[in-house]
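A.B. asks:
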Amino acid sequence: MNIAAIRSIMDPVRIKIVQELSIKKTATTKEIALACGDIPQATLYRHLSALMKNEVIEVVSENKVRGILEKVYAIKENPSQTINNNLKSITKEDLSTIFSQFIISILTDFNSCISVPEVMKSISKNIGFTSTSLLLTNEELIEMLGEINKVVMKRINNQSESGRKLRKLSTIITTDSHE
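In terms of this note's numbering, the sequence shown opens at residue 1 and continues consecutively.
(1) Can you tell which of Lys71, Leu107, Thr171 and Arg46 has the C-alpha that lies nearest to the C-alpha of Ser131?
(2) Whose C-alpha, out of Thr174, Val13 and Met144, is nearest the C-alpha of Pro40?
(3) Determine, using beta-carbon pairs with one atom in the region 23-39 and one in the region 59-74, whether at least three such pairs fall under 8 Å.
(4) In angstroms with no decimal places, state the Cα-to-Cα distance between Ser100 and Thr108.
(5) Whole angstroms are fine: how far does the CA of Glu58 sit from the CA of Val65?
(6) So, is Asn63 buried or exposed, given that buried needs 16 or more other C-beta atoms within 10 angstroms?
(7) State the DSSP-derived secondary structure class of Val56, mapped to helix, strand or coil.
(8) State the Cα-Cα distance for the pair Ala42 and Leu48, rounded to the nearest angstrom.
(9) For Ala33, which residues from the same chain have a beta carbon less than 6 Å from its beta carbon, with the 5 sequence-adjacent residues on both sides left out?
(10) Rounded to the nearest angstrom, what separates Met1 and Ile15 at their Cα positions?
(11) Where do the N-terminal and C-terminal ends of the alpha helix (DSSP H) with Ile75 fall, by residue?
(12) How about Ile9 and Val56: do their beta carbons lie closer than 7 Å?
(13) Closer than 8 Å by C-beta to Asn158: which residues in its own chain qualify, once you throw out the five before and the five after it? Chain order, please.
(14) So Ile106 and Leu51 are supposed to be a Cβ contact under 8 Å. How far apart are they, rounded?
(15) Name the one or two DSSP bridge partners that Asn63 has.
(16) Check for me: the alpha helix (DSSP H) holding Arg14 runs from which residue to which?
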């Protein structure tokens with residue numbers, strides 16, 4: 001996957017597609033459409049086509065349903081891993097663009113979340129955001145990230161069941177530029 005493919009993932013609809021496939025591992029077009037909300041079918045197919053063109057997702061099987069072939073999609077390559085594997089070739093402009101699109105995707109998710117009346121009735125149970133400054137060595141940062149990863153991985157394969165809601169945890173790490 002190249003930088004253009006990574007950029008293509010950052011569209012809000014495509015982020016939802018990738019999230020759905022990350023959670024379910026595989027999903028049909030119908031399941032993806034349900035996860036993406038009220039978008040026209042033609043728009044969904046255009047996004048799926050772009051993700052396939054950029055080799056982000058792939059068709060892993062096809063089911064015959066009432067004489068029509070229903071495609072089943074899966075993620076072809078982990079976008080985060082791709083960024084990490086291409087760190088030496090990412091320019092400052094590339095990284096700034098990717099980060100801006102990441103922030104826009106968080107803002108889109110946030111606005112979608114607060115548009116639900118039940119969420120606004122109990123904000124403290126549904127929404128949280130904070131920024132904390134810590135003094136850490138590189139080794140301490142790596143250790144802390146490992147601890148956070150361990151906590152997240154403990155729950156990453158939770159299955160959908162009564163009472164569970166999809167929650168999004170986003171992490172941004174920056175360094176003071178005055179080092």
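Just so you know, even glycine gets a beta-carbon here, dropped at the ideal spot from N, CA and C.
C.D. replies: Looking at the atomic coordinates:
(1) The shortest Cα separation from Ser131 among Lys71, Leu107, Thr171 and Arg46 belongs to Thr171.
(2) It is Val13.
(3) Yes, the region 23-39 is in contact with the region 59-74.
(4) Whole-angstrom Cα-Cα distance: 12 Å.
(5) Our two residues, Val65 and Glu58, have alpha carbons roughly 20 Å apart in a direct line.
(6) Taking every protein chain shown into account, the CB of Asn63 has fewer than 16 other CB atoms within 10 angstroms, so this residue is exposed.
(7) Val56 falls in the coil class under three-state DSSP.
(8) Cα-Cα distance, rounded: 10 Å.
(9) The answer, listed in chain order, is Leu44.
(10) For Met1, the predicted model reports a pLDDT of 45, less than 50, meaning its position is unreliable; a value from the coordinates is still stated below. Using only the alpha carbons, I get a separation of about 16 Å.
(11) Note, Ile75: premise wrong, no alpha helix (DSSP H); beta strand (DSSP E) at Ile68 to Ile75.
(12) Their beta carbons are under 7 Å apart, which means Ile9 touches Val56 by this criterion.
(13) The answer, listed in chain order, is Arg164.
(14) Contact flag wrong, Cβ pair sits at about 20 Å.
(15) According to DSSP, Asn63 bridges with Glu70.
(16) Counting along the chain, the unbroken alpha helix (DSSP H) around Arg14 starts and ends at Pro12 to Lys24.
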